[in-house]
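Working notes, beginning with the structure itself.
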Amino acid sequence: MVSAVEQGSVALPPLDFSALERPELEQAAIGLGLPGFRGRQIFQWIHHQGVSDFSAMTSLPQELRAALAAHGAIAEPTLMAKQVSSDGTTKFLLQLGDGRQIEAVYIPDTPAQTFCISTQVGCAMACGFCLTGKMGLLRNLTAGEISGQVRVLAKETGLAASAFNIVLMGMGEPLHNYDATMKALRILTDDQGLAVPPRRITLSTVGVLPGLQRLAEEPIMPNLAISLHATTDEQRDVLAPINRKYKLRELMDVCRAFPLRRRGRITFEYVLLDQVNDTPDDARRLVRLLEGIQAKVNLLPLNEAAGIPYRRPSDERVNAFAAILAERGVTVSVRKSRGRDIRAACGQLLVETVK
Ligand code: SF4
Numbered sequence: 006m007v008s009a010v011e012q013g014s015v016a017l018p019p020l021d022f023s024a025l026e027r028p029e030l031e032q033a034a035i036g037l038g039l040p041g042f043r044g045r046q047i048f049q050w051i052h053h054q055g056v057s058d059f060s061a062m063t064s065l066p067q068e069l070r071a072a073l074a075a076h077g078a079i080a081e082p083t084l085m086a087k088q089v090s091s092d093g094t095t096k097f098l099l100q101l102g103d104g105r106q107i108e109a110v111y112i113p114d115t116p117a118q119t120f121c122i123s124t125q126v127g128c129a130m131a132c133g134f135c136l137t138g139k140m141g142l143l144r145n146l147t148a149g150e151i152s153g154q155v156r157v158l159a160k161e162t163g164l165a166a167s168a169f170n171i172v173l174m175g176m177g178e179p180l181h182n183y184d185a186t187m188k189a190l191r192i193l194t195d196d197q198g199l200a201v202p203p204r205r206i207t208l209s210t211v212g213v214l215p216g217l218q219r220l221a222e223e224p225i226m227p228n229l230a231i232s233l234h235a236t237t238d239e240q241r242d243v244l245a246p247i248n249r250k251y252k253l254r255e256l257m258d259v260c261r262a263f264p265l266r267r268r269g270r271i272t273f274e275y276v277l278l279d280q281v282n283d284t285p286d287d288a289r290r291l292v293r294l295l296e297g298i299q300a301k302v303n304l305l306p307l308n309e310a311a312g313i314p315y316r317r318p319s320d321e322r323v324n325a326f327a328a329i330l331a332e333r334g335v336t337v338s339v340r341k342s343r344g345r346d347i348r349a350a351c352g353q354l355l356v357e358t359v360k
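Going by the working numbering, the letters in the sequence shown line up with residues 6 to 360, in that order.
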């Protein structure tokens with residue numbers, strides 16, 4: 006029997022369909038007098054086929070497509086501009102429905118292609134070396150806006166059908182927008198959508214402890230990266246002010262207890278600032294902090310920028326720091342910076358047009 010909604014005679018409430026998980030869409034369909042599979046089809050069209058226009062959902066009855074278009078929305082971020090770095094890294098300026106703008110980055114490493122996406126417009130965490138932190142928090146992104154960045158980048162790069170990694174390391178602190186972030190991860194990992202395996206997703210946090218404790222209980226477990234950046238509370242209070250609330254010892258205790266998948270490790274991100282946190286004593290303290298944690302350390306020599314009061318250390322200082330860690334059995338890498346010429350590197354995302 007054709008329902009009233011399928012006939013187009015019932016008004017649907019305005020709804021961002023891209024922000025709904027598959028079970029929610031199935032329930033929404035049933036609530037509208039439709040069979041549940043219609044919700045599943047809409048989910049597949051949006052998240053598997055990458056369709057952002059109801060009229061293109063050709064497996065749905067025409068009347069239903071018209072009704073959805075009249076009363077629903079698919080809030081996909083709009084591509085406003087893109088800049089390609091000399092190393093192939095591409096920065097995307099995306100506009101949201103309310104006119105706010107965010108940035109997302111495609112990093113074309115082989116074999117792993119990576120999309121770096123944002124979870125907030127701006128960020129409240131105010132890390133001392135980060136341009137995004139200078140913006141303050143303008144608003145949280147919705148689950149549709151977070152997952153929508155991946156759809157836009159997958160389409161733009163032609164990678165929708167390929168394996169790619171996602172890192173939640175763009176603008177914002179994911180655990181400060183917990184519910185929308187986790188909902189986006191459920192959407193992105195759904196096997197009827199983009200089906201991104203959780204092991205290909207990395208959530209990076211500066212250490213919002215209540216969020217980390219909730220994350221430890223989640224059925225979907227992304228890889229975890231902790232933005233550490235300092236080895237004493239005194240230093241970290243300045244470089245990552247969240248430390249004034251949640252001290253280093255508490256953070257490391259939560260990391261020590263964090264459930265990891267088999268052979269899993271926590272990545273500790275450490276921005277190296279010349280003469281600030283890059284001394285041999287810092288390196289030795291870092292080794293001690295990591296005791297008892299399955300850890301690897303990613304060293305990030307600072308990407309200098311106007312308005313950031315720190316300098317990038319010399320390669321000699323970076324190598325000496327890395328050597329102290331390696332000699333003591335800590336797995337360490339030095340991140341080669343991508344996209345520095347287009348200000349797409351870590352900590353450099355900033356939307357200048359935002360008022
Ligand atoms: S480093 Fe991350 S958490 Fe800190 S201010 Fe920048 S975006 Fe926010």
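From the three backbone atoms N, C-alpha and C, an ideal C-beta is built for every residue, glycine too.
In this text the structure is predicted, and so the values were computed from the model without any measurement.
Judged by pairs of C-beta atoms under 8 Å, the segment 188-195 touches the segment 223-232, as three or more such pairs exist.
The beta carbon of serine 60 sits closer than 7 Å to those of Arg70 and Ala74, all from its chain and outside the five residues before and after it, given in chain order.
In chain order, the residues with a C-beta atom nearer than 7 Å to some heavy atom of ligand 1 are Cys128, Met130, Ala131, Cys132, Cys135, Thr137, Gly138, Met176, Gly177, Glu178, Val211, Ser232, Ala245 and Gly352. Per the DSSP secondary-structure output, leucine 101 pairs with nothing in a beta bridge. Per the Cβ contact rule, the segment 153-173 is in contact with the segment 109-128 (3 or more Cβ pairs under 8 Å). For arginine 261 and leucine 304, the gap between their C-alpha atoms comes out near 20 Å. Between arginine 333 and leucine 294, the alpha-carbon positions lie close to 13 Å from each other. Arginine 266 is classed as exposed because its beta carbon has fewer than 16 other beta carbons within 10 Å across all chains shown.
DSSP, read as helix, strand or coil, puts serine 232 in strand. Taking a cut-off of 8 Å on C-beta distances, the segment 204-219 touches the segment 232-242, as three or more cross pairs fall below it. Between the segment 130-144 and the segment 82-94, the count of C-beta pairs closer than 8 Å stays below three; the two stretches do not touch.
In chain order, Cys121 and Ser209 place their CB closer than 6 Å to the CB of methionine 174, counting only its own chain and leaving out the 5 sequence neighbours on each side.
By the Cβ-count criterion, glycine 104 is exposed, with fewer than 16 other Cβ atoms from all chains shown falling within 10 Å of its own Cβ. Per DSSP, the unbroken alpha helix (DSSP H) holding arginine 254 starts and ends at 253-262. Taking the CA atoms as reference points, valine 56 sits about 37 Å from cysteine 132. Counting every other CB atom within 10 Å of its CB across the protein chains shown gives glutamate 321 a total below 16, marking it as exposed. For serine 209, the enclosing beta strand (DSSP E) stretches over residues 206-210. As a beta-bridge residue in DSSP terms, leucine 305 pairs with Val276. Leaving aside the five residues that flank leucine 142 on each side, the residues in its chain whose CB is nearer than 7 Å to its CB run, in chain order, Gln125, Gly127, Cys128 and Ala129. Judged by pairs of C-beta atoms under 8 Å, the segment 270-277 touches the segment 300-316, as three or more such pairs exist. Contact check for alanine 78 and aspartate 21: beta-carbon distance about 5 Å, within the 8 Å limit, so the pair qualifies. Judged by DSSP in its simplified three-state form, glycine 153 adopts helix. Taking 7 Å as the cut-off, the beta carbon of aspartate 238 is found no closer than this to the beta carbon of lysine 250. Excluding residues up to 5 positions away in sequence, Leu136 and Lys139 lie with their Cβ nearer than 8 Å to the Cβ of glycine 312 in the same chain. Counting only residues of its own chain and dropping the five nearest sequence neighbours on each side, arginine 289 has a CB closer than 7 Å to the CB of Ile329.
In this structure valine 172 touches threonine 119 by the C-beta definition: roughly 6 Å separates them, less than 8 Å. The DSSP-derived three-state label of glutamine 67 is helix.
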